[in-house]
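Scroll down for the structure; my scribbles are underneath it.
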Amino acid sequence: MNLPNKLTLTRILCVPILIIIYMFPYEMFSINVPVYHIFNADISLVNIVIFVIFSVASMTDLLDGQIARRKKLVTTFGKFADPIADKLLVNTILLLLASDGTISIIIPIIMVARDIIVDAIRLVAANRQIVVAAKPLGKLKTLTQMIGLCFMLLSDFPLSFFHFPIGSILIWIACVISVISGIDYFISNKDLLTESI
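Residues 3 to 199 in my numbering are what the sequence shown spells out, letter by letter.
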């Protein structure tokens with residue numbers, strides 16, 4: 003297995019680790035999780051650990067594609083696994099934050115629904131040997147999601163000093179971009195989807 007695929011697989015393996023760390027019943031086992039108050043932000047040690055893992059995993063998303071293209075290591079597995087790894091990673095964090103009310107459940111519902119629709123469009127296109135390339139809006143959505151989630155995990159630190167909810171703003175912006183991107187994919191491929199109606 004080449005390096006880009008190892009990085010992609012590492013990103014996928016991070017998902018169950020993130021779930022266990024975030025959802026572990028610390029109180030049940032009398033484990034006192036430290037909470038740090040910095041710049042008006044209350045940040046638990048759990049969130050800091052999640053932030054570090056998520057940030058490193060997100061970096062591998064940038065690295066694996068660049069390495070694969072530069073060293074000509076693009077594989078069928080990489081094309082299949084890379085977008086799955088991205089969505090698993092981001093959607094897992096969204097659902098974890100929604101599970102404790104940090105963000106509205108509407109956000110992951112919209113984003114997961116968009117991903118399902120776009121993947122369905124790609125599947126239909128693939129059956130007709132048509133490649134539906136990733137679009138700039140989709141990449142912008144992913145980037146905005148990842149940055150927004152980092153701020154959410156750290157309770158908007160360091161902008162928490164100004165009581166500025168940058169994390170929530172970025173996540174809602176990513177949500178809007180997600181909807182627009184999904185509509186764009188549908189409009190761009192509507193002839194393909196409606197040809198047998």
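All C-beta atoms, glycine included, are put in the ideal place defined by N, C-alpha and C.
Option in the options with minimal Cα separation from residue i
i           : options            : result
residue 164 : 43, 21, 15         : 43
residue 144 : 177, 102, 6, 156   : 177
residue 110 : 161, 82, 156, 173  : 173
residue 184 : 78, 66, 119, 99    : 119
residue 38  : 29, 48, 30         : 48
residue 134 : 188, 94, 106, 181  : 188
residue 193 : 132, 181, 142, 148 : 132
residue 53  : 34, 33, 72, 96     : 96
residue 186 : 26, 72, 136        : 136
CA-to-CA distance, residue j to residue i, given in whole angstroms
i           : j           : result
residue 126 : residue 4   : 29 angstroms
residue 36  : residue 51  : 12 angstroms
residue 114 : residue 101 : 15 angstroms
residue 20  : residue 46  : 15 angstroms
residue 128 : residue 139 : 21 angstroms
residue 130 : residue 156 : 45 angstroms
residue 89  : residue 41  : 31 angstroms
residue 93  : residue 104 : 14 angstroms
residue 170 : residue 116 : 19 angstroms
Three-state class that DSSP yields for residue i in the structure shown
i           : result
residue 121 : helix
residue 182 : helix
residue 32  : coil
residue 76  : coil
Neighbourhood of residue i by C-beta, 7 angstroms cutoff - its chain only, sequence neighbours within 5 removed
i           : result
residue 13  : 59, 62, 63, 87, 91
residue 70  : 6, 76, 80
residue 18  : none
residue 168 : 153, 158, 161
residue 10  : 66, 80, 83, 84, 87
Cut-off 6 angstroms between Cβ atoms - residues of its own chain near residue i, not counting five sequence neighbours on either side
i           : result
residue 175 : 146
residue 107 : 100
residue 196 : none
residue 98  : 24
residue 124 : 134
residue 16  : 55, 59
Nonlocal neighbours in the same chain, by C-beta distance under 8 angstroms from residue i, ignoring five residues either side
i           : result
residue 149 : 172
Minimum Cβ-Cβ distance from residue i to chain C less than 9 angstroms
i           : result
residue 134 : As a matter of chain content, chain C is missing from the structure shown, which is built from one protein chain.
Only counting runs of 4 or more residues, tell me where the alpha helix (DSSP H) segments fall wholly within the region 103-173, in order along the chain. 108-129, 138-155
Threshold first: 4 residues or longer. Then list the alpha helix (DSSP H) segments lying entirely within the region 4-29, N to C. 5-25
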